[in-house]
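Top to bottom, those sequences are chains V and P. Under our numbering, the residue at position 210 of the first sequence is numbered 226, and the numbers go up by one with no gaps. Under our numbering, the residue at position 161 of the second sequence is numbered 346, and the numbers go up by one with no gaps. Report on one structure; see the data block that follows.
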Amino acid sequence: MSPHRIIARLDIKGPNVIKGIHLEGLRIVGKPGELALRYYEQGIDEIIYMDTVASLYGRNSILNVVEEAARDIFVPLTVGGGIRTVDDIVTALRSGADKVAINTAAVTRPEFIDEASRSFGSQCIVLSVEAKRRAPGKWEALTDNGRETTGIDVMEWIAEAEQRGAGEILITSVDQEGTKKGADIDLFSAVRQRVSIPVIGCGGIGKPMDAVNAFKRNAIDAITCASIFHYNTCTVPQFKAVLAEHDVPIRQ
Amino acid sequence: MIHVIDYGRGNLFSIGQALRHLGVPFKLTSDAGQIRESSRLLLPGVGAFGDAMAGLTERGLADAVRDAAHRDIPLLGICVGAQMLLSRSEEFGLHKGLDLINGTVRRLPEPYDGATGQTRIPNVGWRAIESKQDDPVLGTVPANSMAYFVHSLAPMADDQNHIVATITINGEKIPAAIRKGNILGYQFHPEKSGPTGLDLLQRFVEMKV
């Protein structure tokens, strides 16, 4: 069985990493360069940078952050937030990103997924979906960090995105995000059953056992963690050790 | 001096950063003359095979790479760059490769039990590479070393002797590294594989022919 990926998620606002609850209520937790380097040295498998204000250009833009990181950090880097055009992707890749996460632009114009995957390959295109539970087994896709509703059904949307060429799905549970109450296994499982591409689960991981439970139930291929590492609840090796103890295959 | 071939495709930035980190002098080039005279060549590549080969051919660089390889210049292909070393690829129809190593780029085996516990395609993530013990370049890579992969196809060399490292995907052994003399291909991304990846890149830098 292939190892599951443990991914650090850094939500960026200007020069800082921030963290919110339910994607709101923001607090500064550190500098992106320092946090990313610390996680890399501890053995993180990947890093995702999410621009919370979609400020792709200008001073202190997320691309400067990524460019700085790419000098010393040799694991895959994904950039999301504000990616709207093929040119934005070119710029992100030139700054050292390996993949881009697309949400709003794909919702607004689904053909963007086709264009992006044709130009850069599916492996480069991560569809980011913010899911809000509306009824048992029913989720609505939100955009703009959970600020905007779309009326789109998450399960239909991810199936369409896969057809259009998305290479991975990053599924964020808006209901669990920042709560440390555990992964939204119902949501993650439903997503993973609907598509055949890798699924990255995001939101709710407050302790290593939360990840163990999600992996044991085959709900996801990879998981993102934020608060648990940002606040030093545990280090990356401590986190991975618990997974290994429970026979979850990981990279050590 | 390593010449990194710039043909409009490939994550040149990351590869450059990794070489810089190793302290290896390098230069990007799109010049056929420079490629022919180079002492060590690196061929990166991301995206689709046909598109990448077109990028190389349009710039008149495919023949230059072939000439250098035939003159025993050490050449490393990474990801799609490694696939391009082969005769052909089955990605989106049939495409001709550089034909430096006999073989075909084929799709990875799909999970046979779609539901649980198996590797989804594209194969994304860290996989343990098993290297051929007697290979002078990769033989000493420690067991269980993991490298980062992101691909749906792999370079299936015809001659088993050219497969110098493998990973296991959905029950099958898949080439992770191929080598024929001075010509080396890494399906994984050494520039994205942490300290293990930097070591694997260093092995190419030191590779003797």
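In this text, a Cβ means the ideal position worked out from N, Cα and C, and glycines have one as well.
_Helix, strand or coil, according to DSSP, for P:P340 in the structure here?_
strand
*With a CB to CB cut of under 8 angstroms and the five nearest residues on each side skipped, what residues in its chain are close to P:A203?*
P375, E376, G382, L383, L386
*Taking DSSP as the reference, what is the three-state secondary structure of V:K29?*
strand
*Cβ of P:F198 less than 7 angstroms from any chain V Cβ?*
yes
*Going along the chain, which residues of its own chain have a beta-carbon closer than 6 angstroms to the beta-carbon of V:V45, five neighbours each way excluded?*
V33, K35, H246
*Coil, strand or helix - P:P360 by DSSP*: strand
*asked:* I want to know whether the stretch 223-232 of chain P touches the stretch 253-263 of chain P - three or more CB-CB distances under 8 angstroms.
replied: yes
_Cutoff 6 angstroms; reference V:K196; Cβ partners in own chain excluding five residues on either side_ = G222
*Output the boundary residues of the beta strand (DSSP E) element that contains V:D169.*
164-169
*What's the C-alpha gap between P:G324 and P:Q318?*
4 angstroms
*Mind pulling the chain V residues with CB within less than 8 angstroms of P:H336?*
Q139
*asked:* Taking the beta strand (DSSP E) that P:V189 belongs to, which residues open and close that run?
replied: 187-190
_Can you pull the chain C neighbours of P:E376, defined as C-beta to C-beta under 7 angstroms?_
No chain C appears in the structure shown, which is made up of the protein chains V and P.
_Cβ shell of V:I63 (< 6 angstroms), same chain only, five flanking positions each side left out_ = A24, A52, L93
*Does the count of Cβ pairs from the stretch 244-263 of chain P and the stretch 209-217 of chain P closer than 8 angstroms reach three?*
yes
*Got a sec, what are the start and stop residues for the alpha helix (DSSP H) V:L109 sits in?*
102-110
*Can you give me the Cβ contacts of V:Q268 inside the same chain, cut-off strictly under 7 angstroms, excluding the 5 residues immediately before and after it?*
K256, A260
*DSSP three-state call for V:A70: helix, strand or coil?*
coil
*May I have a chain-ordered list of the alpha helix (DSSP H) segments no shorter than 4 residues that lie completely inside the stretch 133-220 of chain V?*
170-180, 201-210
*asked:* Contact criterion: CB-CB distance below 7 angstroms. Does V:D61 meet it with respect to chain P?
replied: yes
_Please report whether the beta-carbon of V:A2 lies at a distance below 7 angstroms from any beta-carbon of chain P._
For chain V, the structure presents residues 17 to 268; residue 2 of chain V sits outside this window and is missing.
*Do V:A230 and V:G217 come within 7 angstroms of each other at the CB atom, strictly closer than that value?*
yes
_Minimum Cβ-Cβ distance from P:A239 to chain V less than 7 angstroms_ = no
*Near V:F204, which residues of its chain fall below 8 angstroms by C-beta distance, leaving aside the five closest residues on each side in sequence?*
I187, S189, V215, G217, A230, A235, I236
*Taking all protein chains shown into account, decide if V:G153 is buried (16 or more other Cβ within 10 angstroms of its Cβ) or exposed.*
exposed
*If the cut is a Cβ gap below 7 angstroms, which residues of chain V does P:A233 touch?*
G137
*Within the same chain, show all residues whose beta-carbon is closer than 8 angstroms to that of P:G407, passing over the 5 residues directly before and after it, in chain order.*
Residue coverage of chain P in this structure runs from 186 to 394, which leaves residue 407 of chain P outside it and unanswerable.
*Between V:V123 and V:A147, is the Cβ-Cβ spacing less than 7 angstroms?*
no
_Rounded to whole angstroms, what is the Cα-Cα separation between V:H121 and V:E164?_
Inspection of the sequence shows that residue 121 of chain V is occupied by Ala rather than by His. Computed Cα separation, rounded: 13 angstroms.
*Proximal residues to V:G140 (C-beta, below 8 angstroms), its chain only, five neighbours per side dropped*: Note on identity: in this sequence residue 140 of chain V is Cys, with Gly being the wrong assignment. Cβ neighbours of V:C140 beyond the five flanking positions: I105, L109, D114, K115, V116, A132, S133, G183.
*Of all the residues that make up the stretch 207-227 of chain V, which are near chain P by a beta-carbon distance shorter than 7 angstroms?*
S212, I213, P214
*Write down every uninterrupted run of the alpha helix (DSSP H) in the stretch 205-234 of chain P whose length is 4 residues or greater and which is fully enclosed by it, in chain order.*
217-222
*How far does the beta strand (DSSP E) with V:L79 in it reach, from first residue to last?*
Run containing V:L79: none in the beta strand (DSSP E); it sits in the alpha helix (DSSP H), 78-88.
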